[in-house]
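J.: Dropping a structure here in structure tokens format, bear with me for questions.
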Amino acid sequence: MDITDELKAFVATAQTGSFTAAADQLGVSNRLTSKYVAELEARLGVRLLQRTTRRVGLTPAGEDLLARAPAILDDLDDLLAEVAEGSRGFTGVIRVSAPVTFGESYVVGMLARFATANPGVSFDLRLSDSYVDLARDGIDLAFRIGRSEMLSLKSRKLGELSSITVVSPDFLAENGPINHPDQLENLPCIVDTNRKVPRRWVYRGQGQDHVVTVQGRFHVNSARAAAELASKGLGVAHLPRFALGELERDGSVQCVLDDFQGETIPLSAVYLEGRTLPRKIRALIDFALEDIRKSDVI
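Heads up: the sequence shown is residues 43 to 340, going by our numbering.
The structure is reproduced here in structure tokens:
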């Protein structure tokens with residue numbers, strides 16, 4: 043029995059807390075995953091997992107092994123990949139996570155461009171507006187908007203996403219020009235609940251900060267949905283430019299408050315602390331850093 047497969051089965055089971063979830067992550071059967079772990083326990087002569095009807099937990103020996111095994115497996119994968127890549131380029135799967143709207147608006151296209159230059163690489167892209175657990179879900183790289191305070195993650199800043207304020211031409215015709223942030227307090231606004239403080243919009247202009255508290259009939263957890271609602275004349279939206287897509291190009295919405303700068307939000311690539319980053323992941327981060335500078339995202 044291959045000890046590498048045994049270690050992978052143990053790590054996946056320990057991180058997910060379930061043989062079934064581990065099997066899904068590894069792409070093998072539940073029975074085979076359980077067998078690999080049992081073989082590893084027999085090889086070591088110790089019990090690594092405490093099994094219950096609903097979940098598996100770690101024994102003290104299992105905790106010791108889990109503290110070191112993922113890094114060992116990462117180093118082995120990186121070593122083998124470097125040998126293989128030396129002759130035929132990057133190979134293997136890269137598992138990527140990103141917020142839904144940003145993923146659809148930018149990450150999909152960026153990965154397509156990276157894939158064109160690296161035909162041996164496959165991708166598993168998972169879009170979610172929830173904070174994904176990289177270790178539990180086996181994610182190699184996640185794109186995050188906003189500041190991450192998780193000590194288990196390392197990050198590389200890719201840029202700052204600027205927020206802009208938009209309305210439809212019909213809304214402007216009905217309500218008149220919007221020249222100062224203070225006007226927003228008396229106008230219907232579309233509130234994006236993904237923002238840290240959804241109803242507080244911050245601007246910088248005329249040598250000072252302007253903080254306004256907005257109201258509106260629509261509260262949505264999607265910047266893209268906010269843009270769509272604004273395009274239908276239902277209020278003012280304040281969102282990252284990437285969420286607009288064709289709505290700005292075809293004139294469905296237009297920017298207001300051009301003399302005031304909206305708050306900026308950091309965009310980062312994050313990955314697990316304490317692991318040797320595979321060369322193909324480093325290459326993807328470097329590619330994204332250069333690619334995003336050529337785009338209209340930031």
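Think of the CB as a built atom: it goes at the ideal place given N, C-alpha and C, for glycine as much as any other residue.
My output table needs one value for K196: the three-state DSSP class, helix, strand or coil.
T.: If DSSP states are grouped into helix, strand and coil, K196 belongs with the strands.
J.: Taking 9 Å as the threshold (C-beta atoms), are G249 and D301 in contact?
T.: Not in contact: D301 and G249 (Cβ atoms no closer than 9 Å).
J.: For S310, count neighbouring Cβ atoms within 10 angstroms of its own Cβ and tell me buried if that reaches 16, exposed if not.
T.: S310 is buried by the Cβ-count criterion.
J.: Write down every uninterrupted run of the alpha helix (DSSP H) in the segment 237–288 whose length is 4 residues or greater and which is fully enclosed by it, in chain order.
T.: Runs found: 265–273.
J.: Which of the three DSSP states is assigned to V339 in this structure?
T.: Reduced to three states, the DSSP call for V339 is coil.
J.: Taking all protein chains shown into account, do 16 or more other C-beta atoms lie within 10 angstroms of the C-beta of Y173, making it buried, or fewer, making it exposed?
T.: Flag for Y173 reads exposed.
J.: Any idea if V208 is buried or exposed, counting beta-carbon neighbours within 10 angstroms, 16 or more meaning buried?
T.: Buried, since its Cβ has 16 or more Cβ neighbours within 10 Å.
J.: So which of I187, D212, L195 has the shortest CA-CA distance to G201?
T.: Residue I187 is the option with its Cα nearest to G201.
J.: Would the segment 315–333 count as touching the segment 209–222 if we require 3 or more Cβ pairs under 8 Å?
T.: Result no; under three Cβ-Cβ pairs closer than 8 Å.
J.: State the beta-bridge partners of G201 as determined by DSSP.
T.: Beta-bridge pairing links G201 to L309.
J.: Can you tell me which of K199, A279, D179, A184 puts its alpha carbon nearest to the alpha carbon of E227?
T.: Looking at the Cα atoms, A279 is the closest of the given residues.
J.: Nearest CA to the CA of V88: which residue from S71, T75, D106?
T.: Out of S71, T75, D106, D106 has the C-alpha closest to the C-alpha of V88.
J.: Please determine, among K336, P320, K322, L281, the residue with the shortest C-alpha to C-alpha distance to T306.
T.: Ranking K336, P320, K322, L281 by Cα distance to T306 puts L281 first.
J.: Does the distance from the CB of R178 to the CB of Q57 come in under 9 Å?
T.: Yes, the Cβ-Cβ distance between R178 and Q57 is below 9 Å.
J.: For my contact list, V79 and L91 are in at a C-beta cut-off of 8 Å; report their separation, rounded to the angstrom.
T.: Rounded, the Cβ-Cβ distance is 6 Å, consistent with contact.
J.: What whole-angstrom Cβ distance do A159 and V149 have, given they're in contact under 8 Å?
T.: Rounded, the Cβ-Cβ distance is 16 Å, inconsistent with contact.
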